[in-house]
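Notes follow the structure.
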Amino acid sequence: MNSPQEAPTLACADAWFAANVQRCPRSAEWKHGARAGCCKAHGLAFERSPWPSGTAQDDARNAGFQYGYEQAKHDLKAEGAL
């Protein structure tokens, strides 16, 4: 369960994910990574990759993580939240 201080941030991360990633045509693995990267950008703990290192699924997850982290951080800076 999230602490009360994390709740608004988690809601913001979920809103960003829903607006920017959820409906895109990328793989589930990529979206998993994008959500983890978004959580990191919002200062939350994120889920590690469940796929073995070096697999196509892990590569897709890592690419999604990079996108989610960089884009969410960029958007947060543009909004003045960082």
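According to numbering that gives the first Met the number 0, the stretch in the sequence shown is residues 0 to 81, in order. For each residue, glycine too, the CB sits at the ideal point set by N, CA and C.
For residue i, I'd like the list of residues in its chain whose CB is within less than 8 Å of its CB, leaving aside the five on either flank, ordered along the chain.
i	result
L43	E5, T8, L9, A12
H41	T8, L9, C11, A12, W15, A71, L75
N61	G32, S48
W50	E28, Q56, D57, R60
Which of the three DSSP states, helix, strand or coil, is assigned to residue i?
i	result
G79	coil
G63	helix
Taking 9 Å as the cut-off, decide whether the C-beta atoms of residue i and residue j are in contact.
i	j	result
A33	F16	yes
A18	F64	no
K39	G79	no
Tell me which residues share the same chain as residue i and place their Cβ nearer than 7 Å to its Cβ, disregarding the 5 neighbours each side in the sequence.
i	result
M0	Confidence is the limiting factor: at M0 the pLDDT is only 44, short of 50, which leaves the residue's position unreliable and the question unanswerable from this model.
Considering only residues of the same chain and omitting the five flanking positions on each side of residue i, which have a CB-CB separation below 6 Å?
i	result
A59	S26, E28, W29
How would you label residue i, buried or exposed, when you count the other beta carbons within 10 angstroms and need 16 or more for buried?
i	result
C37	buried
Notebook entry, point to check: Which ranges would you report for the beta strand (DSSP E) in the region 0-51 if only whole runs of at least 3 residues count?
Noted result: With a minimum length of 3 residues, no continuous beta strand (DSSP E) run stays inside the region 0-51.
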